[in-house]
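Sequence positions in the sequence shown follow the working numbering and run 107 to 305.
Each residue gets a CB set at the ideal place from its N, CA and C atoms; glycine is no exception.
One structure below.
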Amino acid sequence: MNGTEQRDGDEILSAGEGRRQGDIPLSRNEKILIVGVGSRMRGDDSVGPHVVDLLKERLGDDDSTGRNISLIDADVMPENFTRPIRESGADVCLLVDAVDLKLPPGEIRRVPGELIDETIPCSHSLPLSYIMEYIGEKIDTVELVGIQIRGTGLYMEMSEEAARGAENLVEILLSKGWRELPVYRKGEGKEEGPVNYCW
């Protein structure tokens, strides 16, 4: 179907064997689903969907039987995509979102689930940690990959730092694999406090 799977009105873009030699590490044979979360109208909050765009450019839409990476742009409503995510058959689901960890803008971290505070008001109808737990009932590994923001004002353009962070994330995913992404440690940023992943 030219690389696009339709499930109950939701779209999954599948990346296939048309990738360049060396793009995907060969050490693991996992099926990976990458979900971009965020608003394209709010500056650095668009970094999650932007990562999906970059990966789509690199990997293409070739829906071959050997594919092992799929992409979803969930915008600001990841809860609307839980069914296709849970039914994707993925071994690993990476949710990519803008975060405020009090780190330099553009820094990338895997955020442990216990550090995502469900009580933070946000644009998602459901807390992201709850969505991750629900997805985790069907997918063995579910991780939040955050990119530190500079600003998320309405109609702002993405900052250079966030754009560079998105490019760096794509390079790490394609050359080394997601396990090489650094893990956020509590107190690593300049200020203590809960992880703020939406505004």
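Item: Stretch pair the segment 232-246 + the segment 281-294: three plus CB contacts closer than 8 Å; Value: no
Item: Own chain, CB closer than 6 Å to Gly259, minus 5 neighbours either side, in chain order; Value: Gly149
Item: Gly252 vs Arg215 beta-carbon contact at 8 Å; Value: yes
Item: Straight-line Cα distance separating Gly154 from Glu263; Value: 14 Å
Item: Whole runs of the beta strand (DSSP E) within the segment 226-290, excluding any shorter than 3 residues; Value: 247-254
Item: Distance between Ala269 and Tyr261 (C-alpha atoms, nearest Å); Value: 16 Å
Item: Own chain residues within Cβ distance below 6 Å of Asp129, not counting five before or after; Value: Reliability of the predicted coordinates at Asp129 is poor, the pLDDT of 44 falling under 50, and the value obtained from them is presented with this limitation in mind. Once the five neighbours on either side are set aside, the close Cβ partners of Asp129 are Leu280.
Item: For Phe187, three-class secondary structure by DSSP; Value: helix
Item: Straight-line Cα distance separating Asn135 from Arg146; Value: 32 Å
Item: Exposed unless 16 or more other CB atoms sit within 10 angstroms - verdict on Glu213; Value: buried
Item: Beta-carbon proximity list for Ser152, same chain, < 7 Å, skipping 5 on both sides; Value: Gly144, Ser145, Arg146 and Met264
Item: Proximal residues to Leu287 (C-beta, below 7 Å), its chain only, five neighbours per side dropped; Value: Ile214, Arg216, Val251 and Ile278
Item: DSSP state of Asp197 mapped onto helix, strand, coil; Value: coil
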